[in-house]
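As structure tokens, the structure follows; a few thoughts come after it.
There are 2 protein chains.
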Amino acid sequence: MPQNKQIVLDNRPVGEASPANFRLRVTETPPLQEGQVLVRHHYLSLDPYMRGRMNEGKSYAEPQPLGEVMIGGTVGEVVESRHPKFKPGDAVVGMGGWQEYSVVDADQPGALRKVDTTHVPLSYYLGAVGMPGVTAWYGLVKIIEPKAGETLVVSAATGAVGSAFAALGKARGCRVVGIAGGAEKCRYAVEELGFDACIDYKPHPDAHSLSKAVKDACPNGVDGYFENVGGMVLDAVMLRMNAHGRIAVCGMIAGYDGQPLPMAHPALILVSRLKMQGFIVSEHMEVWPEALTELATLVATGKLRPRETIAQGIESAPEAFIGLLKGRNLGKQLVKLI
Amino acid sequence: MPQNKQIVLDNRPVGEASPANFRLRVTETPPLQEGQVLVRHHYLSLDPYMRGRMNEGKSYAEPQPLGEVMIGGTVGEVVESRHPKFKPGDAVVGMGGWQEYSVVDADQPGALRKVDTTHVPLSYYLGAVGMPGVTAWYGLVKIIEPKAGETLVVSAATGAVGSAFAALGKARGCRVVGIAGGAEKCRYAVEELGFDACIDYKPHPDAHSLSKAVKDACPNGVDGYFENVGGMVLDAVMLRMNAHGRIAVCGMIAGYDGQPLPMAHPALILVSRLKMQGFIVSEHMEVWPEALTELATLVATGKLRPRETIAQGIESAPEAFIGLLKGRNLGKQLVKLI
């Protein structure tokens, strides 16, 4: 029975989230029942959607219950198994949460998946070849439906989703433009992630100003937009959407901390005959195999070379998560647990 | 050469549109060239989209040029023809504009179409069996894609588009709820147009209050919404959309007169995984035959019994148009020209 350190949600944020919303708890892993597997986590994934779960109000998912282990994707290895399909040493991906070990009912569909680490590093199954990669794939392929030669824009461009979006968009013959916070991130986007251009939103005081920068970076207008942030960035890009443009809405992180942010010009949906569609990738499990295959190939062939920002130890998870919300990470934010 | 009275746009509105934006002009119809047809208009259609055209700024169409005859749909009869497919007495529908006669290049695709008035009154080709009817059809069938048993909502419920929407939605086994201004319109919606319920938005001071009325009228939430007005009504309905709801955006008339109206809760697009799509029916000519066939059948079988509000004489068009914008009409607003 190994000792298991866990992070639970202690209290809900009022305004901005902070490390004080979380609490460390130390337990022991329980003995396995028939059909269960004990997984030792190597990496915990930190993702923006977790901020939405911290709030009380109904979002698309139930709020994270207080006093329970924070939800989260994990990769690791099987250390003990009472399930015929898993054996000690298997590399697995699952939703183990913010803790060092998890006990998984392995018969539950989608609960635990074996992965191959020959060509893809284990941690990538939480990023480029995992939920964030499939998120980019779904928004691009199923909502934006790009044609070669079109111009695509993605916000939070250097994050796990944005990085994958760039590689997937370039593979389809599109011009791909990122929006990110800071010159360093923008340089990284162009030099390492393959973006054709990247706009630093930080010097822009308002949507009007940012919109001019979008115009400069997208001389033929914007055909497809992948929205990770909302607020001023959404307003700015909407002003540059071409007729019949498509907007995949994946995140509205700008509005998580307080009052809901309005959309300045909804009449553009009509004027430019836009399609805007929100989605959650976990509701579209049918596309995962196809998407993961393409993403793994992009990684194996060096066309998708994502970076990771790695915090060490479960105790560092709260601070690392707040850093992610503030954009301090470059690429996929992980916590290394071994 | 008959005398032809025309209404031209004289100056652009500052804030609200008014009859003083228009000017009457009297001319003579020119002699016909080969391939042309002279049409005497029986009815002129007045439609909300015309308000958008009066503004200077680029909308989805070029602005209406100053000093030229206002654009508009017309039905009438051929009085003289130099085109082999048309002869005097033919009933026709076209875009003749705000005038008593028009000279039409009948070879131009879509410029002039012969219609059958055996089962459908001529004026209906400007409403239920015309552009407004096809508009309702496109938004419902191609964007909302309703399933039997779902709940649909339409704003400006008693107008030409809303009336057709109700009949089309009921034909698909849906619960159809209208939103309109005033108790009289709501009574008409339920008693004559077949709406299951109709909400009078006028007593509601804000979106929150209106949203409660939407909840009462739609106990199972809203699956499909057809938006004709924007502003507070859109905000109110969005709060009641079910997961995976669809919003067809056809009009944003609430914002035509001044500052753009924001959307209060765009994050709902993500939270409820909504699809919002703007459209202009003239860009989808491929659906017109199928749509018109269904609409004509609904009229012929008494399942769609639209009302008309009819002003007399071309001189009354500006005042009638302002009345339409203020919601003074019941059903399709027409101007009778003979």
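Chains as they are written, first to last, in the UniProt record's numbering: chain A, 1 to 338; chain B, 1 to 338.
We put the CB at the ideal spot given by N, CA and C, even for glycine.
For ALA311 (chain A), list the residues DSSP reports as bridge partners. Taking the first sequence and counting its residues from 1, one reaches residue 311 (chain A) at position 311. The partner list for ALA311 (chain A) (beta bridge, DSSP) reads A:VAL335.
Proximity below 8 Å, CB of VAL37 (chain A) to CB of ALA91 (chain A): Taking the first residue of the first sequence as 1, we reach residue 37 (chain A) at position 37. Taking the first residue of the first sequence as 1, we reach residue 91 (chain A) at position 91. No.
Cutoff 8 Å: HIS265 (chain B) Cβ touching any chain A Cβ: Position 265 of the second sequence, counted from the first residue, corresponds to residue 265 (chain B). Judged by the 8 Å Cβ criterion, HIS265 (chain B) is in contact with chain A.
Taking 8 Å as the CB-CB cut-off, is residue 368 (chain A) touching chain B? The question about residue 368 (chain A) has no answer, for chain A in this structure spans 1 to 338.
Mind pulling the beta strand (DSSP E) runs of 3 or more residues that sit fully within the region 211 to 294 of chain B? 222 to 227, 241 to 249, 275 to 278
Every unbroken beta strand (DSSP E) within the region 77 to 150 of chain B, with a cutoff of 3 residues, ordered by chain: 91 to 94, 101 to 105, 112 to 114
Contacts of VAL249 (chain A) in chain B (Cβ-Cβ under 7 Å): As a position in the first sequence, residue 249 (chain A) is number 249, starting the count at 1. ILE269, LEU270, listed in chain order.
Could you work out which residues of chain A lie near MET276 (chain B), taking near to mean beta carbons separated by less than 7 Å? Mapped onto the second sequence, residue 276 (chain B) falls at position 276. Per Cβ cutoff of 7 Å: ILE269, MET276.
I'd like the list of long-range same chain contacts for GLU192 (chain A), defined as Cβ closer than 8 Å, with 5 residues on each side in sequence excluded. Translated into positions along the first sequence, residue 192 (chain A) becomes position 192. The answer, listed in chain order, is ARG305, ARG307.
Going by beta-carbon coordinates alone, are HIS284 (chain A) and ASP235 (chain A) separated by less than 8 Å? Here the question's residue 284 (chain A) lines up with position 284 in the first sequence. Here the question's residue 235 (chain A) lines up with position 235 in the first sequence. Taking 8 Å as the Cβ cut-off, HIS284 (chain A) and ASP235 (chain A) do not qualify as a contacting pair.
Listed in chain order, which residues of the region 140 to 162 of chain B have Cβ atoms closer than 7 Å to some Cβ of chain A? none
CB contact below 8 Å: MET232 (chain B) versus chain A: On the second sequence, position 232 is the one that residue 232 (chain B) refers to. No - not a single Cβ of chain A is within 8 Å of the one on MET232 (chain B).
On the DSSP bridge list, what partners appear for ILE199 (chain B)? As a position in the second sequence, residue 199 (chain B) is number 199, starting the count at 1. BP columns for ILE199 (chain B) point to B:ILE179.
Which residues does DSSP pair with ALA208 (chain A) in a beta bridge? As a first step, residue 208 (chain A) must be located in the first sequence, where it is residue number 208. Sequence check: residue 208 (chain A) is His here, not Ala. For HIS208 (chain A), which the question treats as bridged, DSSP gives no partner whatsoever.
For LEU44 (chain A), which of helix, strand or coil comes out of DSSP? As a first step, residue 44 (chain A) must be located in the first sequence, where it is residue number 44. Of the three classes helix, strand and coil, the one that applies to LEU44 (chain A) here is strand, per DSSP.
For LEU126 (chain B) and VAL335 (chain B), believed in contact at Cβ under 8 Å, the rounded distance: Here the question's residue 335 (chain B) lines up with position 335 in the second sequence. Here the question's residue 126 (chain B) lines up with position 126 in the second sequence. Contact flag wrong, Cβ pair sits at about 10 Å.
Cβ-Cβ separation, LEU9 (chain A) to PRO21 (chain A) (assumed contact under 8 Å), whole Å: As a working mapping, residue 21 (chain A) is identified with position 21 in the first sequence. As a working mapping, residue 9 (chain A) is identified with position 9 in the first sequence. A small correction: the amino acid at residue 21 (chain A) is Asn; Pro does not occupy that position in the sequence shown. Confirmed, about 6 Å.
Taking 8 Å as the threshold (C-beta atoms), are VAL177 (chain B) and PHE195 (chain B) in contact? Position 195 of the second sequence, counting from 1, holds the residue named residue 195 (chain B). Position 177 of the second sequence, counting from 1, holds the residue named residue 177 (chain B). Yes; because the gap between Cβ atoms is below 8 Å, this pair is in contact.
Strictly below 7 Å CB to CB, what residues from chain A border PRO260 (chain B)? Taking the first residue of the second sequence as position 1, residue 260 (chain B) is located at position 260. Within 7 Å Cβ-Cβ: ALA264, HIS265, ALA267.
With respect to the beta strand (DSSP E) encompassing GLU28 (chain A), which residues constitute its N-terminal and C-terminal limits? Residue 28 (chain A) sits at position 28 when you count from the first residue of the first sequence. Taken as a continuous stretch (DSSP letters only), the beta strand (DSSP E) holding GLU28 (chain A) covers 22 to 28.
Assuming ILE8 (chain A) is part of the beta strand (DSSP E), what are its boundary residues? Residue mapping note: residue 8 (chain A) aligns to position 8 of the first sequence, counting from 1. The sequence given here has Val at residue 8 (chain A), not Ile. Looking at the DSSP string, the run of the beta strand (DSSP E) that includes VAL8 (chain A) is 3 to 9.
Answer with buried or exposed for LYS114 (chain B), where buried requires no fewer than 16 other C-beta atoms within 10 angstroms of its C-beta. For this step, residue 114 (chain B) is matched to residue 114 along the second sequence. Exposed is the call here.
Simplified DSSP assignment, three categories, for SER155 (chain B): Locating residue 155 (chain B) in the second sequence gives position 155, counting from the first residue. SER155 (chain B) falls in the strand class under three-state DSSP.
Looking at C-alpha atoms only, which residue of A:ARG12, A:ASN4, A:TYR124 is the closest neighbour of ILE310 (chain A)? The sequence position of residue 310 (chain A) within the first sequence is 310, counting from 1. Measuring from the Cα of ILE310 (chain A), the nearest candidate turns out to be A:TYR124.
Given a cut-off of 8 Å, decide if ASN242 (chain A) and SER282 (chain A) are closer than it, judged by their beta-carbon atoms. The count along the first sequence starts at 1 and reaches residue 282 (chain A) at position 282. The count along the first sequence starts at 1 and reaches residue 242 (chain A) at position 242. Cβ atoms of SER282 (chain A) and ASN242 (chain A): not closer than 8 Å.
Helix, strand or coil for VAL14 (chain B)? Go by DSSP, reduced to three states. Locating residue 14 (chain B) in the second sequence gives position 14, counting from the first residue. VAL14 (chain B): coil per DSSP, three-state reduction.
Per DSSP, which one or two residues make a beta bridge with LEU38 (chain A)? Your numbering for residue 38 (chain A) matches position 38 in the first sequence. In the DSSP output, where bridge partners are listed per residue, LEU38 (chain A) has A:GLU80, A:VAL103.
For ASP206 (chain B), which residues in the same chain have their Cβ closer than 7 Å to its Cβ, ignoring the five residues on either side in sequence? Working through the second sequence from its first residue, we reach residue 206 (chain B) at position 206. Once the five neighbours on either side are set aside, the close Cβ partners of ASP206 (chain B) are MET232.
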